[in-house]
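In full-length UniProt numbering, the protein residues as written are 1 to 387.
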């Protein structure tokens, strides 16, 4: 997902696969230094650290079209892998790699003028993303206590699963996210898979398609950091607006338009359609229906040339129409941001970040899967490693 994210935002900023600017809009470079360092000969280098406990993924990224854009020193990997075990990622294999990762983190942090936060992409189902990912979070929280920690966390689903111990890994990780994270954007492979099949009309979606969807959402969420715009918000302001209580920081994300590949040019959605679609359960990146919960807070990001008045009117209309889905003790709880630069290939788009009580259904499903396995104690010996 991280690799796809950097490809997506590089294209939006007009940066080619070698790190050189080839765009045609001065706004692309106005805030490019938020996510990129400017190196020698005008080359832009992502402020990214790529970590895995096995070399295969790192080799695949190096060999990809945008592989040369990353700083070679920022590829960190072990050789043996985590064997899909949270304990190996957290206590043994991952712990051995932690010091070298934090050295690179410190170097990147020293290269910033005003370090505001860290963004972590990881999966909660495997061993590396869950075990090493949460170990890294707790270490960053200890070393950089005043920064904002946000994660894009892929929550496992029994319908789209490739590892039997995913519920163990997820349960052990969620506890760490509650304690050490400021904002968690939940992504669910089941929801991504449904979007690919039903909305994008892909007959046989692969992980590349799912990662592309997730990276588009990450790109939209980070828009107000990367481009100038009206009512822009930074990471800290987003967290202040979105998190009424510190432990309730698990967000679901909806985006529009979602149209079948190849049909984008035949349809230009109006503001009412964009607003309605992003609140629709079918456009959510997690397999839960907002109708069964209530929004504590929400933030919307509109991209493209849009009328501010029309957008505000439509968002208010959705709130009034679905008043039962919003907490009455929190008036005006939907924040709106605008960015004039649309995503690639589209004239306009909208993204919803929702902090809703319905997210408990996602965790409830993981808990049920965990309890089914834990009753019989299979694979428990793998989780005593390092204890």
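Even glycine gets a Cβ: it sits at the ideal position worked out from N, Cα and C.
This structure is a prediction, so every number in the text was calculated from the model and none was measured.
Kindly indicate which residue of 18, 196, 156 and 293 has the alpha-carbon position closest to the one of residue 67. 18
Enclosing beta strand (DSSP E) for residue 400 [first to last residue]: Outside the shown range of the chain, which is 1 to 387, sits residue 400, and nothing can be said about it.
Is residue 266 helix, strand or coil by DSSP? Note on residue 266: pLDDT 49, under 50, position unreliable in the model; the coordinate value appears next. The answer is helix: DSSP assigns residue 266 an H, G or I state.
Member of 151, 79, 43 and 86 whose CA lies at the smallest distance from the CA of residue 218: 151
Helix, strand or coil for residue 38 per DSSP? Looking at residue 38 - three-state DSSP - the assignment turns out to be strand.
Minimum C-alpha distance to residue 35 - residue among 27, 368 and 10: 10
Kindly indicate which residue of 311, 105, 325 and 120 has the alpha-carbon position closest to the one of residue 1. 120
If you follow the alpha helix (DSSP H) that residue 208 is in, where does it begin and where does it stop? 207 to 221
Taking 7 Å as the cut-off, is the beta-carbon of residue 141 closer than that to any non-hydrogen atom of the ligand FAD? By its list of ligands, the structure shown contains no ligand whatsoever, and the ligand FAD lies outside what it can speak to.
Using a beta-carbon distance below 8 Å, is residue 340 in contact with chain D? Absent from the structure: chain D. Only one protein chain is present.
Alpha carbon to alpha carbon, how far is residue 165 from residue 377? Give it in angstroms, no decimals. Roughly 11 Å between the two C-alpha positions.
Per DSSP, what kind of secondary structure is residue 45 in: helix, strand or coil? strand
Name the one or two DSSP bridge partners that residue 119 has. 150
Tell me which residues share the same chain as residue 192 and place their Cβ nearer than 6 Å to its Cβ, disregarding the 5 neighbours each side in the sequence. Excluding sequence neighbours, residue 192 sits near 210 and 213.
Under the rule that 16 or more other beta-carbon atoms within 10 Å means buried, what is residue 397, buried or exposed? In the structure as shown, the chain begins at 1 and stops at 387. Residue 397 is therefore absent and cannot be evaluated.
Rounded straight-line distance, which links the Cα of residue 82 to that of residue 89: 5 Å
Is it right to say residue 380 is buried, meaning 16 or more other beta carbons lie within 10 angstroms of its own, or is it exposed? exposed
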